[in-house]
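Enquirer:
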Amino acid sequence: MGTISSLLNLAQEALNADQAGLNVTANNVANQSTVGYTREVVNDTAQDSITINGISYGDGVIAGSATSVRDRVLEQRVEQQTQIQSQSATLQSALEQVESIFGITDSSTSSSLTQLGTTVDALFNSFTALASDPSGSATREAVLTAASNLASTLNQTSTQITETTNSLQTSAIQTVGEINPLLTQIASLNEKIATASPNTDAGVLEDQRQAAIAQLSTYVGLDQITTSLNGIDLTTTNGAPLVSSEVSYPLSTGVVSGALQIYGGSGTNVTSGLTGGSLGGTLAALSTDLPTIENSIDTLAYSIATAVNTQNSAGLDATGAAGGDLFSIGTSSTGAAATIALATNDPNAVAAAGTGEGSTGNTNANALAALATGTIVSGETASDFVSNTLATLGDAAQTATNDATVQQASLTQLTAQRDALSAVSLDTEASNLTEYQRSYQAASQVFSIVDTLLASAINLGVETAVS
């Protein structure tokens, strides 16, 4: 307050503030590689000035507490983008698994080069060969071989689709198992933050909570609500509560009629509309993409089997009797690819001749061969149906790949923006260390000057008497 003693107080406060800054900077440097750490700064506050005899004097500085440099809006944008990117990447992976079932390596792979396309074409080619040699045992054997190969391919394809479905369901169940401990952790951190720092930044506790929410965002889509006492409530994208203050609501799973179901903490089914994160991507594949491809394969199996059986029954076999079924198939397309099988192992059962023809007749063989160009599968030829089905799958996989790339780029950009604000920069901290060091030295110099002044005052200007 305009006295020598007040100078000592000013210098002491300056040293305290500089020491606090040095401590925070050292802590930032120590945590430079700590995942989820948000850099801290000290927010010093100037003391109110004091006026004496019309003259204002500064009263020093109040050393502030350390606060984290965070932008909650930007952090939430990063978490939301993480949810979108994780869903895209998971869906891409699921579709690539389905592509591998059919041997599709890229969107330009021709269906005729896949095993399914090859076996479909081989069946109709065997009918064409039969028409050229209707009484030959080799051509009749070739028809049964082609039919058996097609049935086996469809069986194998159906099995692989089922295995992929089961694998994705297991993955989703495991994901829910990863989600629930995080919900418990976030609820616990809400309680600790409310107790330790209900009105201001809670530093390390908030870092831990943000890290948990960031990890949770890779698993499931979230909506966040900031509450009193510095808390964060969480719900799924379709409104099911996950965390409310200090209480968590764990998810659970069940398989009903072969379909995976996700239940909220109250037991409500929240599967429909649940999006975001790897769980959202898995559910999208399970509810849309896999059923679509499975239905297509079932339709293909049922349509070919029905058409071939109908046409073979219209002709005469090698013994002159009416032809029968070449394929064993159910009464509907549901599960047809899994159950289709060869109905006979007798080459004579192939009905090449038409009514009134002898064993060398080929009218019905020509009709069987003509099925190749007939619109026997949902208004398309069998080959076109296979081609279009696989093309649709390839396009979906390519779209998922492109989307995953775009979403990853957006996430990278947002993460860089957040890190530019909140991550530790060693260059910045080195500059801060120099600044605090010089400031500390300057405050120390004030002590030295005050010491000299006091010595001079005590000794009435005789500096050699007392030092």
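Be aware that the sequence shown starts at 905, since it is given in the numbering used here, and climbs by one per residue.
All C-beta atoms in this analysis are idealised placements derived from N, C-alpha and C, irrespective of residue type, glycine included.
All values reported here derive from a predicted model rather than from experimental measurement.
(1) For proline 1085, does the count of other Cβ atoms within 10 angstroms reach 16, so buried, or fall short, so exposed?
(2) At which residues does the alpha helix (DSSP H) containing alanine 1046 begin and terminate?
(3) Identify whether methionine 905 lies in helix, strand or coil by the three-state DSSP scheme.
(4) Using a Cβ-Cβ cut-off of 7 Å (strictly less than) and excluding sequence neighbours within five positions of glutamine 936, which residues of its own chain qualify?
(5) Would a C-beta distance cut-off of 7 Å place threonine 942 and arginine 974 closer than the cut-off?
(6) For aspartate 1137, which three-state DSSP category applies?
(7) According to the Cβ coordinates, are threonine 1203 and threonine 1179 closer than 7 Å?
(8) Please name the residue, chosen from Ala1091, Val1124 and Ser1121, that lies closest to leucine 1109 on a Cα-to-Cα basis.
(9) So for serine 1217, helix, strand or coil by DSSP?
(10) Between isoleucine 1083 and leucine 1120, how many whole angstroms is the CB-CB distance? I'm expecting something under 8 Å.
(11) What does DSSP give as the partner residue(s) for leucine 1246 in the beta ladder?
(12) Can you list the alpha helix (DSSP H) stretches of 4 or more residues lying completely in the segment 1243-1305, in chain order?
(13) What do you get for alanine 1226, buried or exposed, if any count of 16 or more other CB atoms within 10 angstroms of its CB means buried?
(14) Taking a contact to mean a Cβ-Cβ separation below 7 Å, would you say asparagine 1070 touches glutamate 1150 in this structure?
(15) Please check the pair valine 1147 and leucine 1087, which I expect to be a contact at CB under 8 Å, by giving their CB distance rounded to whole angstroms.
(16) How many angstroms separate the CA atom of glycine 940 from the CA atom of leucine 1138?
(17) Would alanine 967 and alanine 1189 qualify as a contact pair, given that the criterion is a beta-carbon distance under 7 Å?
(18) Mapping DSSP to helix, strand and coil, what is glutamate 944?
(19) Would aspartate 1355 be called buried (16 or more neighbouring beta carbons within 10 Å of its own) or exposed?
(20) Is it a yes or a no for the segment 1263-1271 touching the segment 1237-1248, going by three-plus beta-carbon pairs under 8 Å?
Expert: Looking at the atomic coordinates:
(1) exposed
(2) 1041-1100
(3) Reliability of the predicted coordinates at methionine 905 is poor, the pLDDT of 45 falling under 50, and no value is obtained from them.
(4) Val1328 and Leu1330
(5) Less than 7 Å separates the beta-carbon of threonine 942 from that of arginine 974.
(6) strand
(7) no
(8) Of the candidates Ala1091, Val1124 and Ser1121, the residue whose Cα lies closest to the Cα of leucine 1109 is Ala1091.
(9) helix
(10) 6 Å
(11) Phe1231
(12) 1267-1274
(13) exposed
(14) no
(15) 6 Å
(16) 19 Å
(17) no
(18) Glutamate 944 sits in a strand when the DSSP states are folded into three classes.
(19) By the C-beta density criterion, aspartate 1355 is exposed, having fewer than 16 other C-beta atoms within 10 angstroms.
(20) no
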